[in-house]
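When the first sequence is numbered by our numbering, its final residue is 1870 and no position is left out of the sequence of numbers.
The beta-carbon is built from N, C-alpha and C at its ideal position, and this holds for glycine as well.
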Amino acid sequence: MFQDRLQALLVPALQAAFSELFNHALDARSVGFQATRPEFEGDVTINVFPFLKQSGKGPEQTAQAIGEHLKAKVPIVERFNVMKGFLNIVIADSYWFGFLQEAATQDILEFPPTGKRVMVEYASPNTNKPLHLGHLRNIFLGYSVSRILKSAGHEVIKVQVINDRGIHICKSMLAWQKFGKGETPDSAGVKGDKLVGKYYVEFDKAYKAEIEALVIGGRSKEDAEKEAPIMLEAQEMLLKWEANDPDVRTLWEKMNGWVYEGFEATYKRAGVDFDKNYYESQTYVLGKNDVLEGLKKGVFYEKDGAVWVDNTKEGLDEKVLLRRDGTSVYMTQDIGTAIKRFEEYPGLSKLIYTVGNEQDYHFKVLFIILKKLGFAWADELFHLSYGMVDLPTGKMKSREGTVVDADDLIEEVVSEARKTGEQLSKLDDISEAEKAELFETIGLAALKYYLLKVDPKKRMLFDPAASIDLQGHTGPFIQYTYARINSLLRKAGTMAQWMHDPKSAWPLLPEERAVIKLLHQFPTVLDEAATKLEPSAIANHSYELVKAYNSFYQAIPVMKEEDAAKREFRIALSATVASVTRKAMWCLGIEVPERM
RNA sequence: GGUCCCGUAGCUCAGCUGGAUAGAGCAUCAGCCUUCUAAGCUGACGGUCGUUGGUUCGAAUCCAACCGGGAUCGCCA
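This is the structure:
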């Protein structure tokens, strides 16, 4: 990494300075470089306060002594200044020119292969209702993480888990049977997932009506909830499903098929995909044997006929893994599925679950259990826990109909992009089809960037008005900068290759230097994003970069520059910003348009 | 009640492996298009970093307590 390379040049020199000046060994890890604050002259800053004990001198003298030593010994240290305990170092232009030369000719956001395989699970929808805003945060986050890991040199396997069985889908099936009159997505003219979701709501209505009737008839609310005929019927249907009843299975396959078509359409429009799907109907039987084996080994224990794990030593509770009747719980399946994945993918070195933070406890327990079962890879499991998405009106609640539908939302951001795009009317000469594609790209960028720029761990507020904003700290602003550079490059024609020639170099302008430094930091940001699984780091740095570029663009002529060497250098700088931005957006799952 | 997460400008968020005068965007106000895309740029306004203690040469950042918000603690999924 380039940041590391600069440090690699400076740290040993600093250590040498230390032993010569103060006769003291300096631990490389204790050295912290920081970017020099803009109000001072310099590129990197060393804070000497931590070294005062060893130097035995005051901050100014210490910094001054180190600065003089570095300037004498390190060619790229051009000059320095001391402000209190801060040693601000100016790195020679030649270093920055040299870096740009490299960045212009290779992808600085593509790391060499690590040989590691990583599985990222980033969607686990139920098949009884359509995808909503919460799913979108999950999907965009996981997709971005998988691309970041890929750029960081890992082999990535993207998977989703489809919760295709259980009482929830039986409810939809039953309601469709009762009230559907044979309606299909085609006959109703709606997406399959929407149709099935509609019958899930129908079930709930009928169920509530039955409860009410029973309560009026004198039953307690709790009894009524248990005794409502339609609920009993749904439970019966679930039993039939488990018994492989042909009629139930046929209906189940038909309705799930509708849902998959609907999901597929949403994923396609959202621009995400998966390498493999796991279906709960196939995995829900897994895990039972593993639990029984754990019982034999004494990892688990039996109480009241059920199998339990005791995690009280870990500060957690006891948890049932097999019910008294021998059937599985959710945890059991997850144990089995994890084991299966590591069997299916030999050499899998990491498994990341992108799941909301309401399941923090679940994953804590799951990982502890797998560790107790003795799987070495248990340490490589990671719960990428993301915060809930709130609306200005409060929490999303499906029962209260406050859920923001994924398809509707995408439609809205795209049409907003269209509205603005047509107002600006810069695109009168391109076809309707091209325009449609462009607005799709811009609208989705607005939405994705809005969801990804926030630290995934944090709960976030979804403000519909802000999410379709195309100005300021937004995806379209970044796209705009890219398109703008492209326009510049088109004017430049076949780009004459700029080559850094140390002999004919000129002083870098502050605007140029600022842009180069942000490019220089980017690989470190990618590394951090890949380590911490934080797309927001990429999103925010991309914004910093294009903002600095726009300031440069505003103040400094590129094509109008008369000195050919400078002109070509600025074209190369612009082209590099464009290509790095494109790659950074790729890491977020965001496309960039050639013009807008 | 136990455990965990969060609290930074009017709003939404950065900054959090301790370091200089805490940064952006939106909103508000004032400038900049006969020159490379104004979806842009420049500037102004705006802060007891929830509160109180502690550690430290130095705390938004680490620790503790409290206040406020959220999640979770099923033989549900």
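Assign R1598 to one of three DSSP states: helix, strand, or coil.
-> Stepping through the first sequence from its first residue, residue 1598 is reached at position 324. Correct three-state label for R1598: coil.
Which of helix, strand or coil DSSP assigns to M1670 | Reading the first sequence from its first residue, position 396 is the one you call residue 1670. Three-state result, M1670: coil.
For I1443 versus W1532, is the C-beta spacing smaller than 9 Å?
-> One-based indexing of the first sequence puts residue 1443 at position 169. One-based indexing of the first sequence puts residue 1532 at position 258. Taking 9 Å as the Cβ cut-off, I1443 and W1532 do not qualify as a contacting pair.
Taking C-beta to C-beta, are I1684 and L1721 nearer than 9 Å?
-> Taking the first sequence and counting its residues from 1, one reaches residue 1684 at position 410. Taking the first sequence and counting its residues from 1, one reaches residue 1721 at position 447. Cβ distance < 9 Å, so I1684 and L1721 count as in contact.
Is the Cβ-Cβ distance between A1498 and E1484 less than 9 Å?
-> As a working note, residue 1498 is residue 224 in the first sequence. As a working note, residue 1484 is residue 210 in the first sequence. It is a contact, given that the beta carbons lie within the stated cut-off.
Using three-state DSSP, classify W1780 as helix, strand or coil.
-> For this step, residue 1780 is matched to residue 506 along the first sequence. Here W1780 sits in coil by DSSP.
Contact check, L1410 vs G1545 under 8 Å by CB: the rounded distance?
-> Looking up residue 1410 in the first sequence gives position 136. Looking up residue 1545 in the first sequence gives position 271. Rounded, the Cβ-Cβ distance is 11 Å, inconsistent with contact.
Please report the residue range of the beta strand (DSSP E) in which W1582 lies.
-> As a first step, residue 1582 must be located in the first sequence, where it is residue number 308. Start and end: 1580-1584.
Any idea what DSSP makes of K1731, helix, strand or coil?
-> Translated into the one-based positions of the first sequence, residue 1731 becomes position 457. Coil at K1731, not helix or strand.
Please report the Cβ distance between S1420 and L1862, rounded to the nearest whole angstrom; I am assuming they are in contact, meaning their Cβ atoms lie under 8 Å.
-> On the first sequence, residue 1420 is found 146 positions in, with the first residue counted as 1. On the first sequence, residue 1862 is found 588 positions in, with the first residue counted as 1. Incorrect: roughly 11 Å between the Cβ atoms, too far for contact.
In whole angstroms, what is the alpha-carbon distance linking V1594 and I1864?
-> Within the first sequence, the letter at position 320 stands for residue 1594. Within the first sequence, the letter at position 590 stands for residue 1864. So the alpha carbons of these two residues sit roughly 43 Å apart.
Does the distance from the CB of P1750 to the CB of I1716 come in under 9 Å?
-> For this step, residue 1750 is matched to residue 476 along the first sequence. For this step, residue 1716 is matched to residue 442 along the first sequence. It is a contact, given that the beta carbons lie within the stated cut-off.
Closest to M1870 by CA distance: which of Q1281, G1695, V1789 is it?
-> Here residue 1870 is taken as the residue at index 596 of the first sequence, counted from 1. Per the Cα distances, G1695.
Whole-angstrom Cβ separation of Y1541 and D1547, contact assumed at under 8 Å?
-> The sequence position of residue 1541 within the first sequence is 267, counting from 1. The sequence position of residue 1547 within the first sequence is 273, counting from 1. Indeed they touch by this definition, with Cβ atoms about 7 Å apart.
Is A1309 helix, strand or coil when you go by DSSP?
-> The residue you call residue 1309 lines up with position 35 of the first sequence. Of the three classes helix, strand and coil, the one that applies to A1309 here is strand, per DSSP.
Roughly how many angstroms lie between the CA atoms of Q1607 and V1559, to the nearest whole one?
-> Within the first sequence, numbered from 1, the residue matching residue 1607 stands at position 333. Within the first sequence, numbered from 1, the residue matching residue 1559 stands at position 285. If you take the alpha carbons of Q1607 and V1559, they lie about 7 Å apart.
Please report how far the alpha carbon of T1850 lies from the alpha carbon of F1414, in whole angstroms.
-> Residue mapping note: residue 1850 aligns to position 576 of the first sequence, counting from 1. Residue mapping note: residue 1414 aligns to position 140 of the first sequence, counting from 1. Rounded to whole angstroms, T1850 to F1414 spans 26 Å at the Cα level.
Quick one: what's G1630 bridged to in DSSP?
-> The count along the first sequence starts at 1 and reaches residue 1630 at position 356. Bridge partners of G1630: Y1660.
Got a sec, what are the start and stop residues for the alpha helix (DSSP H) I1363 sits in?
-> Translated into positions along the first sequence, residue 1363 becomes position 89. That residue, I1363, is in no alpha helix (DSSP H); its beta strand (DSSP E) goes 1360-1365.
Terminal residues of the continuous beta strand (DSSP E) containing F1354?
-> Residue 1354 sits at position 80 when you count from the first residue of the first sequence. Counting along the chain, the beta strand (DSSP E) containing F1354 begins and ends at 1351-1357.
Nearest-angstrom Cα distance between K1465 and V1799?
-> Taking the first residue of the first sequence as position 1, residue 1465 is located at position 191. Taking the first residue of the first sequence as position 1, residue 1799 is located at position 525. Computed Cα separation, rounded: 40 Å.
Can you tell me which of the three DSSP states I1431 falls into?
-> Translated into positions along the first sequence, residue 1431 becomes position 157. Note: I1431 maps to strand in three-state DSSP.
May I ask which residues mark the beginning and end of the beta strand (DSSP E) holding E1395?
-> If you number the first sequence from 1, residue 1395 lands on position 121. Note, E1395: beta strand (DSSP E), 1391-1395.
Just grab the DSSP bridge partners of N1321 for me.
-> The count along the first sequence starts at 1 and reaches residue 1321 at position 47. Answer is F1360, bridged to N1321.
Pick helix, strand or coil for S1705, following the three-state DSSP scheme.
-> For the purposes of this step, residue 1705 is taken as the residue at position 431 of the first sequence. Coil at S1705, not helix or strand.
Between the Cα of T1557 and the Cα atoms of A1502, V1435, R1523, Q1795, which residue gives the shortest distance?
-> The residue you call residue 1557 lines up with position 283 of the first sequence. Considering only alpha carbons, the answer is V1435.
Whole-angstrom distance between E1567 and V1687, CA atom to CA atom = Counting from one through the first sequence, the residue named residue 1687 turns up at place 413. Counting from one through the first sequence, the residue named residue 1567 turns up at place 293. Answer to the nearest angstrom: the Cα atoms are 52 Å apart.
Just the Cα atoms here: how many angstroms apart are S1761 and H1794?
-> Locating residue 1761 in the first sequence gives position 487, counting from the first residue. Locating residue 1794 in the first sequence gives position 520, counting from the first residue. Straight-line Cα distance between these residues: approximately 24 Å.
Segment limits, alpha helix (DSSP H) that includes K1479 = Residue 1479 sits at position 205 when you count from the first residue of the first sequence. Residues 1466-1490.
Counted within 10 angstroms of its Cβ, other Cβ atoms place D1549 as buried (16 or more) or exposed | In the first sequence, the residue the question calls residue 1549 occupies position 275. Classification of D1549: exposed, given that the 10 Å Cβ count is below 16.
Does DSSP classify K1791 as helix, strand or coil?
-> Position 517 of the first sequence, counted from the first residue, corresponds to residue 1791. K1791: helix per DSSP, three-state reduction.
When the Cβ atoms of the region 1355-1362 are set against those of the region 1325-1337, are three or more pairs found closer than 8 Å?
-> yes
Going by alpha carbons, who is nearest to P1386 out of M1833, R1856, P1797?
-> Position 112 of the first sequence holds residue 1386. When only C-alpha atoms are compared, the closest one is P1797.
Would you give the residue range spanned by the alpha helix (DSSP H) that K1500 belongs to?
-> Along the first sequence, one-based indexing puts residue 1500 at 226. Residues 1495-1501.
How should F1826 be labelled, buried or exposed, when 16 other C-beta atoms within 10 angstroms of its C-beta is the threshold for buried?
-> Residue numbering aside, residue 1826 sits at position 552 when the first sequence is read from its first letter. With 16 or more Cβ atoms within 10 Å of its Cβ, F1826 is classed as buried.
Using only alpha-carbon positions, find the residue among M1833, Y1474, I1363 that is nearest to G1454.
-> By one-based count along the first sequence, residue 1454 stands at place 180. Answer by Cα proximity: Y1474.
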